[in-house]
Amino acid sequence: MIRGAIAIFKRDFKKFLGNPYVLVFTLLMPIMYLVIFGNAMGGTISHVPIGVAQEGPPYTQTPLFNDAVDALMHLQPQRDNPRMFDVTVYTDETTAKNDLSEGRISGVVVFPSEVSSDHAVRMYLDSSDYMVPTLVQSGVGAALSKIGAHNPVQVNNIYGDIKYIQFFGVGVIVMAIFMTTMMGGGIALIKDREMGIHEGYLVTPVKRSSIILGMISSGTVRAFLAGFIIFGVGILITGIIMRSMEDFLLVLLVIFIASIGVTSLMVSIASRFSNQQEYASTTAFFNLILFMTSGAFYPTIGMPDWLRWITIINPEWYSVHALRSIILRGQGLAVVGPDLIALLVFSILAISLGILTYRRTLE
Amino acid sequence: MPISDEPAINLPQRGDEGGGGGTARAAGSGACLAPSAESIIRIDHITKIFKNRQTVVAVDDVTFEVQRGEIFGLLGPNGAGKSTLIRILTTLLQPTSGRACVDTFDIHAEPEKIRSIIGVCPQNSTLDVELTAYDNLEFYGKLVNVDDALLDARIWQLLKMAGLDDRAHMKVQTFSGGMRRKLEIVRAFIHHPLILFLDEPTIGLDPESRREVWEQIASLNAERTTIILTTHYMEEAERLCNRIAFVDKGRLIALDVLENLKRLIPAGDLLEIGFETMTEVVVSAIRQVGLVNSVEEKGQKLIISAKNGSRVLPAIVAIFEKYSLPISSISIHSPSLEDVFIYLTGRKLDDGGNGEAQQKGGRRRP
Chain A
1405 MIRGAIAIFK RDFKKFLGNP YVLVFTLLMP IMYLVIFGNA MGGTISHVPI
1455 GVAQEGPPYT QTPLFNDAVD ALMHLQPQRD NPRMFDVTVY TDETTAKNDL
1505 SEGRISGVVV FPSEVSSDHA VRMYLDSSDY MVPTLVQSGV GAALSKIGAH
1555 NPVQVNNIYG DIKYIQFFGV GVIVMAIFMT TMMGGGIALI KDREMGIHEG
1605 YLVTPVKRSS IILGMISSGT VRAFLAGFII FGVGILITGI IMRSMEDFLL
1655 VLLVIFIASI GVTSLMVSIA SRFSNQQEYA STTAFFNLIL FMTSGAFYPT
1705 IGMPDWLRWI TIINPEWYSV HALRSIILRG QGLAVVGPDL IALLVFSILA
1755 ISLGILTYRR TLE
Chain B
781 MPISDEPAIN LPQRGDEGGG GGTARAAGSG ACLAPSAESI IRIDHITKIF
831 KNRQTVVAVD DVTFEVQRGE IFGLLGPNGA GKSTLIRILT TLLQPTSGRA
881 CVDTFDIHAE PEKIRSIIGV CPQNSTLDVE LTAYDNLEFY GKLVNVDDAL
931 LDARIWQLLK MAGLDDRAHM KVQTFSGGMR RKLEIVRAFI HHPLILFLDE
981 PTIGLDPESR REVWEQIASL NAERTTIILT THYMEEAERL CNRIAFVDKG
1031 RLIALDVLEN LKRLIPAGDL LEIGFETMTE VVVSAIRQVG LVNSVEEKGQ
1081 KLIISAKNGS RVLPAIVAIF EKYSLPISSI SIHSPSLEDV FIYLTGRKLD
1131 DGGNGEAQQK GGRRRP
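Given below as structure tokens:
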């Protein structure tokens, strides 16, 4: 019994040592988890963009306005921390609210004019974001108490009350897409290589672009179905309400384009591997980075700058943003258009990469 | 160039070693105009070296031509470089040096043109076992551009040929090894290719299936398909091949038609002639016949060793008649291909003893 066990142990261990790629990834994963998880989830949120405006008429700035804006601009939760808010001063309330609804700022603080009856400070908050609304609210409170103003505060969540499960539920649609592509996306190509089946079709006139495009199409359909099902389940579980048929169709469009983007990425990774283990470690690695920086869990505004840079090339960030814009904020093509364009550009790059790196020979 | 410095074995093909690689490759683009109507494949000083942990010279400066419409046999032990050579010709591997033309296309310059005129049955199974027999054929039919209108009929024709029409819609993973092999072979010629490469087509088949495959190959050849076949079964090569190339340790060691290969053995054929009575005069008369090497009396039989058995036989029979001696039996034993191979290499064909080359049959990672 011992002899057999030792033989099995040796065989397995030799294979483990014989594949340095997997070995490196096994060690790299926990480290990456530490760095990314730790930074993505634990960072202090700072530089929240907010707008301030003076109520009118008259639009002359009141001492309250001047003092409060100054306080907001210099608000630091702790010494040596970066400033909490990036304050933009608007000359009128309408422009500020417009920027808020287009997602350029996370909140608008409107200060009462001298002739106001109740002297209330009104706040309009982008409630589709997690953490940020509460933060703005407490920040404004702190600023007011610092200057000794005792005005009543009025809070308006412009998208109603959004629970975390709804915030997160949208991100899970993207996760469903990613998981499907991880299991299915390029793995068939690698299985073919492992079993030597590819030798059979590489001697036919089939082009490598056909191979890659075929794989991406099939993966896209599967990812789309998964995303669609999770979207449906999400509606039931999280209580998201679709406002109109157009919104619903727009969500499907976003899921579809996101599926193309993520599948292309996975297939282009798979185009080079000949071992399922290597592929699995690589995709797990990408899964971590892309999903963590997608903003699905936690607002990307809380991340350190270097991590936030990844969001610029992260198709999942665009997908999450687009889905949230439609589902939680009811925004239309005007807002999600740039996201879709970014996803398409990303897909084209990934597809080209996949085609170029696919080996048409056995070498 | 890491070509070994062993002397070439009785072959004129080995060219000057210095000039092989770079120059041939540089000149290799699109210069594959058919020099003669007969040759369909021209291989010119092809060398393939695998550098992994160990450096293995899988194909070592091989030069030959395959003629249009023939069945060409590549014979050699396991790891001789047969499959590597096939993979180079089927555009799956790039040679380290040298050039080759398939029909009028250069393997460097126009691999995609080559892929559209060849059919390949690789040594390892490349069927998708999760698909049915029909689906496997349909998949390949589409990849090799069989007209959609003809595809269904063609698939059924091939399934009948392979004896699998009653299992068309069963997954290949339920098939026996022989059934899979037959399916793989018929798949290779679904599109009526100009050239068919069969890498160990009958490996693992029972004798009856093997005969069926041979019949298929012969009938395809009758339709002017050129067939390149690798095997280490002597019987297969003897039955099917017009010309046979012996490959060993990456080298081409002999290439000719079967009869000429057998003549490479100086001992030649053995004739056994049974008799009732024998006289010394007859024996010495037979010794005088040209091409006869030796004559020996063994019991009631005369054992004659001659360079070309069938040609000397009439003369020998004439001697018996001249002296009015009755002949009770005649038999001629030609040396087998196996004997020729042993003579040329000093080793048996299927002992596969050269371990270093053994690994090359399987798949390889870069």
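As you go down the protein sequences, you meet chains A and B in turn. Mapping the first sequence onto my numbering, position 23 (from 1) lands on 1427, and the numbers just tick up by one. Mapping the second sequence onto my numbering, position 342 (from 1) lands on 1122, and the numbers just tick up by one. Quick reminder that beta carbons are idealized off the backbone N, C-alpha and C, glycines included.
- A:G1604 belongs to the set of residues whose beta carbon lies under 8 Å from a beta carbon in chain B.
- For B:H1113, the pairing in a beta bridge is given by DSSP as B:L1050.
- Taken in chain order, the whole beta strand (DSSP E) runs of length 3 or more contained in the segment 1665-1714 of chain A number zero.
- Rounded to the nearest whole angstrom, the CA to CA distance from B:D915 to B:H949 is 8 Å.
- Scanning its chain for C-beta atoms nearer than 6 Å, with the 5 sequence neighbours on each side dropped, one finds around A:I1755 the residues S1668, in chain order.
- Comparing alpha carbon positions, the residue from A:V1607, A:R1415, A:P1719 and A:M1707 closest to A:P1486 is A:M1707.
- Just so you know, the alpha carbons of B:I1045 and B:G1126 end up roughly 12 Å apart.
- Taking A:F1628 as the centre and dropping the five residues before and after it, the same chain places the C-beta of I1659, F1660 and S1663 closer than 7 Å to its C-beta, in chain order.
- At a cut-off of 4 residues, not a single continuous stretch assigned as alpha helix (DSSP H) sits fully inside the segment 1623-1655 of chain A.
- With fewer than three CB-CB distances shorter than 8 Å, the segment 1061-1072 of chain B does not count as touching the segment 1024-1040 of chain B.
- Relative to the Cα of A:I1641, the nearest Cα in the group A:R1763, A:L1748, A:G1623 and A:V1574 belongs to A:V1574.
- Sequence-ordered contacts of the segment 1605-1617 of chain A with chain B read Y1605, L1606, V1607, T1608, P1609, V1610, K1611 and S1614 [C-beta pairs closer than 9 Å].
- Not a single C-beta of chain A is nearer than 8 Å to the C-beta of B:V1063.
- Counting the other CB atoms within 10 Å of its CB gives B:S1109 a total below 16, which places it among the exposed residues.
- With contacts defined as CB atoms closer than 8 Å, B:A860 and B:D824 fail to qualify as a contacting pair.
- Take the alpha-carbon of A:V1525 and the one of A:F1429: they are about 53 Å apart.
- Linking A:I1745 to A:S1549 through their CA atoms gives a straight-line distance of about 45 Å.
- The beta-carbon of B:V837 is placed no less than 8 Å from the nearest beta-carbon of chain A.
- Taken in chain order, the members of the segment 844-873 of chain B whose beta-carbon sits within less than 8 Å of a beta-carbon on chain A are R867, T870, T871, L872 and L873.
- DSSP lists B:S819 as the bridge partner or partners of B:Q847.
- Distance check between A:I1634 and each of A:A1580, A:V1655 and A:T1686 places A:A1580 closest, using alpha-carbon atoms only.
- Note that the C-beta distance between B:Q953 and A:E1767 is not below 8 Å.
- At a cut-off of 3 residues, the continuous stretches assigned as beta strand (DSSP E) that sit fully inside the segment 1551-1591 of chain A are 1557-1561.
- Put simply, the CB of B:N925 is near chain A, with a gap under 8 Å to one of its CB atoms.
- With contact defined as three or more Cβ pairs closer than 8 Å, the segment 1462-1470 of chain A and the segment 1437-1453 of chain A are not in contact.
- A:V1607 carries a coil assignment under DSSP once its states are collapsed to helix, strand and coil.
- With its beta carbon less than 8 Å from one in chain B, A:E1767 belongs to the interface.
- Contact holds between the segment 1006-1019 of chain B and the segment 854-870 of chain B, because three or more Cβ pairs, one in each stretch, are under 8 Å apart.
- DSSP, reduced to helix, strand and coil, places A:M1405 outside both helices and strands of the structure shown, so it counts as coil.
- A straight-line Cα-Cα distance of about 45 Å links A:Q1570 and A:F1417.
- Cβ atoms of A:D1496 and A:I1551 stay farther apart than 8 Å, at about 23 Å.
- Within the DSSP secondary-structure output, B:K828 pairs in a beta bridge with B:V839.
- For B:N1088, none of the residues of chain A pass the 7 Å Cβ criterion, the least Cβ distance being about 42 Å.
- Below 8 Å, too few C-beta pairs join the segment 1501-1516 of chain A and the segment 1583-1591 of chain A to call them touching: fewer than three.
- Sequence-ordered contacts of the segment 1576-1606 of chain A with chain B read D1596, R1597, E1598, M1599, G1600, I1601, H1602, E1603, G1604, Y1605 and L1606 [C-beta pairs closer than 9 Å].
- Within chain A, the C-beta atoms nearer than 7 Å to that of B:D908 come from I1601, in chain order.
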